[in-house]
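Residue numbers (this note's numbering), protein chains in the order written: chain A, 54 to 589; chain B, 54 to 589.
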């Protein structure tokens, strides 16, 4: 027996069933005619995209998805299709995979392991299946599994016991830094233990917070990877099986950590802009490192002609900040405007004079400056139909070192999940490709420039101390005492944790951003705003 | 046998374990000494409050909660305590209830039915128990159940079969309009079918979006309610049982629908302000019905001396709007400021002149006005430590008829889940208590006053048409075709649905508000922003 299996690593648009069906048909015809495939495997929940969230609660949506998959059976002949869809039966919804061939349904499998942690809410929508599924095709006995199923040993074993000689797995496995190594290690470990080859097809593309990184692969029964598709882009490939032995094919190399983080951020911006129909993107360029990095990412995602920068100096902006911002805009070849904010700041100061009479200056006055910039940026965004990108990083989001409706104003927050130290690394990485960010921007002490001679370290521990504390507290759920025991000063830990605890209300109103760590602020970390919990 | 059971309907602060333990001890001592109770029953997850969300993933938090409940055993003698807590054992977390008496653990029950729909995410945190729990106390055989358990027939039956003559149920059942009738009807139906009396203890208080309405009750084995605690406030009461027959006691009357909605909104504001430590609240007062209602709610929640109004007229503000706003502020006796926004609007217009040269006026200019108001309000909020309340209603939130960082700026959105027609009903209801909102505000056509002679109906169907379409689409998940079939014009349905679909990005950045319907925007309705789904 020889079998050619196509892996359809496609970038779907959530909820657009008609477009997704057309993509499926096109991919199937391409795989049949150009690649000679006998069978083509698509990612998890192909028909709807993943995650469709509460669209899955709409009866009209579910009906449309079910109709679409049954109609697919007649759309393409001469190749078997393995597609994922939300299967409705007898009042229950399943996360299913159906095998269609020559107008006939060969098999339908219901996902057994439904993840309900981290960014996953599958038990909100789906009932779990409880049966393995094996079908015969061209003399081969093929088992079906879906994503989380293959992270659990029992399900692979049961499918093999049911007669499978080869496993197809439909996935929507989101990226975070290092995830691909974890994913391949765990799945290949299972494959090796069960001694069954596996075809792993992953979705690719950005969807709000999530990046799906592709990197679909085929492992032989020793758990060795004999084929790997590219990361971060669409690819339809075919792998030949001789019996149940996959023939060694091309393995796309894996990007290193920093490159993969950079590419994930670029893909996230690109897909958010494209899928939401924006004309391009704008951002405020301050001369600081954060906005420099976001500019680089935006230009790499969209092209320099689709990106516009706005420079909004105030009395506290140092000359070198404005100079560096201009240098950056020119290095990237983007259009830029210089709009000093003094007229608006003065107007508000005058309007508030009576109400504020007798009060001392505090962060209120700093916030007014940030909010004047927010108004300017949103006005240009509204007028031009361009997405406003915010430039805040994860360290700032953690401790609330940002102004609601000020620098937090915008539709998308690309580096919201990038800690400050990683911002520097990513900037240096980008400069290693071509020198676009002035060295001075990378080496000068970071400052919000909202008060005279202000620098971040006036009110925060140095980022070399802050970032690891935040990682331990936010991502690893360590207690203050554990963090102190690991060698951090009690006062630094107390300062950081108190700020994290107090600023949930800001994070709740922040725009979505791209998840690149194992726990991002967003659907990944769901904290009450009203809370008596104090980490210290 | 005679048994006195206390129902502790208490308002807890999520996450503050030490404070909650003190509340438990105080309530127990009060019940023992003042009410002569033998046993006191607390709401679900007493120790942590409900819902503690991802705090439940923190090992330090879980350890503290478990330590606290074991230590409670020795804190109060002479009365049995039934407390809820997140029980950790062998790598698993359970939503449990423990019975403590004289330093001994009499029983521990693990919740079997874990809701994972609507506002509930219990399967994210908890493993399900699989055993009924019955303990003997003073000769009575008492069964334990927790919230969702008693909405499912099987669990009550199994508990009775295990020997229970009487059920104690710990609950955190959130309010929505009409919920109390549904709750009592379902639970009493189960009680009647199983022929077992039930003590139902509910949490009370506001927690971010959720209101817990109390109204704890006791039903006899015929399913008749023989005791009911008040709605929307704390109450510790005792009910005597003669054998397993509860002695008829006082039944607090139920509020009618409109009163209960009004009281829920008042409690929501009061608890958000109090639990988050604000000095009071401020709001923008436009002379329109929405801000008039929010002012009334805020004053009823906090007292007139804790509320401040800001009137911010523009060139498009009609004289009568400013007059009515002043009348409202004076009728409620709140401090108010008048700050015309022209200086800031003019400043921005000048600053943007070059970038906007050659473009036509559009909603950008309207948004600038709304955002100038947002900057003013946030500045006063920041300076005074008062919570800024937004005044947008659910109809506006649905169709995006609001400006991000403008009228949507604020920490809490009290009427975010109140459709416009209900805003009118609530205003009339409030006026029926005392005439505080000028009649003209209620009868004039609603307008955002952001352009000359603008009224809402210029761009939206009348609210009598819009609101029922929105309810069907947003709350009931009906398709466009179903709504049209119900008698609505296709063009109205298309307009409304298209706007709902397009405005998810705005809702995602809106402040939390009080849930009063069966589906609010927030944790209740989780839609993707990037979405190819089109309802029409």
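A virtual CB, placed ideally from N, CA and C, is assigned to each residue, including glycine. Predicted model only: the values in this text are computed from it and were never measured.
Cβ-based burial, residue i [other Cβ within 10 Å; buried from 16]
i                      : result
residue 201 of chain B : buried
residue 532 of chain A : buried
residue 157 of chain A : exposed
residue 309 of chain A : exposed
residue 234 of chain A : exposed
residue 304 of chain A : exposed
residue 540 of chain B : exposed
residue 577 of chain A : buried
residue 584 of chain A : buried
Residue i and residue j closer than 7 Å at C-beta
i                      : j                      : result
residue 58 of chain A  : residue 82 of chain A  : no
residue 311 of chain A : residue 477 of chain A : no
residue 288 of chain A : residue 249 of chain A : no
residue 135 of chain B : residue 221 of chain B : yes
residue 558 of chain B : residue 68 of chain A  : no
residue 203 of chain A : residue 240 of chain A : yes
residue 322 of chain B : residue 351 of chain B : yes
residue 109 of chain A : residue 170 of chain A : no
residue 343 of chain A : residue 444 of chain A : yes
residue 194 of chain A : residue 218 of chain A : yes
residue 566 of chain B : residue 470 of chain B : yes
residue 473 of chain B : residue 434 of chain B : no
residue 582 of chain B : residue 261 of chain A : yes
residue 111 of chain B : residue 530 of chain A : yes
residue 264 of chain A : residue 228 of chain A : yes
residue 491 of chain A : residue 347 of chain A : no
residue 126 of chain A : residue 167 of chain A : no
residue 387 of chain B : residue 360 of chain B : yes
Interface partners of residue i on chain B, CB under 7 Å
i                      : result
residue 151 of chain A : Here the premise fails: no neighbours, minimum Cβ distance about 21 Å.
Closer than 8 Å at the beta carbon, the chain A residues around residue i
i                      : result
residue 462 of chain B : 457 and 458
residue 532 of chain B : 111, 112 and 113
residue 412 of chain B : 436
Backbone secondary structure at residue i - three-state DSSP
i                      : result
residue 352 of chain A : helix
residue 128 of chain A : coil
residue 569 of chain A : coil
residue 175 of chain B : helix
residue 61 of chain A  : strand
residue 186 of chain B : coil
residue 145 of chain B : strand
residue 389 of chain B : strand
Distance cut-off 6 Å: residue i Cβ against heavy atoms of the ligand MN
i                      : result
residue 582 of chain A : Among the components modelled here there is no ligand, and therefore nothing to report on the ligand MN.
Under 7 Å by beta carbon: chain A residues contacting residue i
i                      : result
residue 106 of chain B : 579, 580 and 581
residue 417 of chain B : 432, 435 and 436
residue 404 of chain B : 392, 396, 397 and 429
residue 424 of chain B : 428 and 431
residue 67 of chain B  : 581, 583, 584 and 585
residue 235 of chain B : Within chain A, no residue comes near residue 235 of chain B; the closest Cβ sits about 19 Å away, beyond 7 Å.
residue 325 of chain B : 583
Cut-off 8 Å between Cβ atoms - residues of its own chain near residue i, not counting five sequence neighbours on either side
i                     : result
residue 84 of chain A : 59, 61, 90, 93, 132, 289 and 291
7 Å Cβ shell around residue i - same chain, five flanking residues per side excluded
i                      : result
residue 122 of chain B : 100, 136, 138 and 151
residue 243 of chain B : 203, 206 and 209
residue 247 of chain A : 209, 210 and 213
residue 180 of chain A : 145, 146 and 147
residue 513 of chain B : 452, 454 and 519
residue 552 of chain A : 452 and 453
Neighbourhood of residue i by C-beta distance below 6 Å, restricted to the same chain and skipping five residues each side
i                      : result
residue 574 of chain A : 450 and 560
residue 508 of chain A : 498 and 500
residue 324 of chain B : 258 and 259
residue 140 of chain A : 147 and 149
Minimum Cβ-Cβ distance from residue i to chain D less than 7 Å
i                      : result
residue 294 of chain B : Looking for chain D here will not work: the only protein chains present are A and B.
Chain B residues whose Cβ lies nearer than 8 Å to that of residue i
i                      : result
residue 562 of chain A : 562, 563 and 564
Chain A residues whose Cβ lies nearer than 9 Å to that of residue i
i                      : result
residue 401 of chain B : 396, 397, 400, 425, 428, 429 and 432
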